[in-house]
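S.K.: Just so you know, we're using my numbering here: the sequence shown kicks off at 186 and counts up by one.
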Amino acid sequence: MASGRNAVTMSDGEIEQFLTDNMKVQIATIGPDGTPHLTTLFYVLEDGMVAFWTYGRSQKVVNLRRDPRITCLIEDGEDYFELRGVQLTGVVRPVEDVAAVGRLVAARVDGAPTRDTTTTG
Numbered sequence: 186m187a188s189g190r191n192a193v194t195m196s197d198g199e200i201e202q203f204l205t206d207n208m209k210v211q212i213a214t215i216g217p218d219g220t221p222h223l224t225t226l227f228y229v230l231e232d233g234m235v236a237f238w239t240y241g242r243s244q245k246v247v248n249l250r251r252d253p254r255i256t257c258l259i260e261d262g263e264d265y266f267e268l269r270g271v272q273l274t275g276v277v278r279p280v281e282d283v284a285a286v287g288r289l290v291a292a293r294v295d296g297a298p299t300r301d302t303t304t305t306g
């Protein structure tokens, strides 16, 4: 019988399924004074990577423009023995088609519009 860390380690397939089944990610960026800035967003998996949409003037985006390093946590569970999560670390890569990512994220969230509602004029 496995014990300790080995007892709670997920296989690659379990991690992929976990990331597919969940939709909220906690992201940590580095604030201007060096402290972590932590926030929660909805996400999608796009080409095997976590993709999220947020406002360009948000603190997290300001932080990522200054320092693109990020830590992400996807977690679930209600009581102590159900808790599980996947932590991802890396460098953010901005996406050019922001509206497409926004529509993908919105499609996962009940009641959110799934078409581009941007107007010009």
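Glycine included, each C-beta is placed from N, C-alpha and C at the ideal position.
1. Could you tell me whether the region 204 to 212 touches the region 246 to 263, where touching means 3 or more Cβ pairs closer than 8 angstroms?
2. Mind checking whether valine 294 and phenylalanine 227 have CB atoms under 8 angstroms apart?
3. Compute the distance between the beta-carbons of valine 280 and leucine 204, then report whether it is under 8 angstroms.
4. For leucine 223, which beta-bridge partners are listed by DSSP?
5. Rounded to the nearest angstrom, how far is the Cβ of valine 229 from that of alanine 236, given a contact under 8 angstroms?
6. Does DSSP put aspartate 206 in a helix, a strand or coil?
7. Is the Cβ-Cβ distance between lysine 245 and threonine 220 less than 8 angstroms?
8. Could you give the residue range of the beta strand (DSSP E) that holds leucine 268?
9. Is valine 193 buried or exposed, if buried means 16 or more other CB atoms sit within 10 Å of its CB?
M.R.: According to the data block:
1. yes
2. yes
3. no
4. Ala213
5. 5 angstroms
6. helix
7. no
8. No beta strand (DSSP E) holds leucine 268; DSSP gives it neither H nor E.
9. exposed
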